[in-house]
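Everything below concerns the one structure shown next.
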Amino acid sequence: MDGRKIFDAINTCDDVFIEKVVLDMENRRKKQERLRRLFQIVKQ
């Protein structure tokens with residue numbers, strides 16, 4: 387998701403879309419944390 391899509395969603399008050407964007411961002415962050423943990427395990 388790029389910033390422009392988020393900005394457009396806020397402008398149009400598309401609450402459902404904003405929720406999807408937020409969930410997508412949270413899921414991506416969780417995946418990155420999981421990957422980081424896996425890499426740390428591999429390095430040890």
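Residue numbers (the numbering used here): 387 to 430.
Idealized CB from N, CA, C, for every residue including glycine.
Please read all numbers here as calculations on a predicted model, not as lab measurements.
Query	Result
Compute the Euclidean distance between the alpha carbons of R415 and N397, then round it to the nearest angstrom.	25 Å
Locate the alpha helix (DSSP H) running through Q418, then write down its first and last residues.	D401 to K429
Quick one: what does DSSP say D394 is sitting in, helix, strand or coil?	helix
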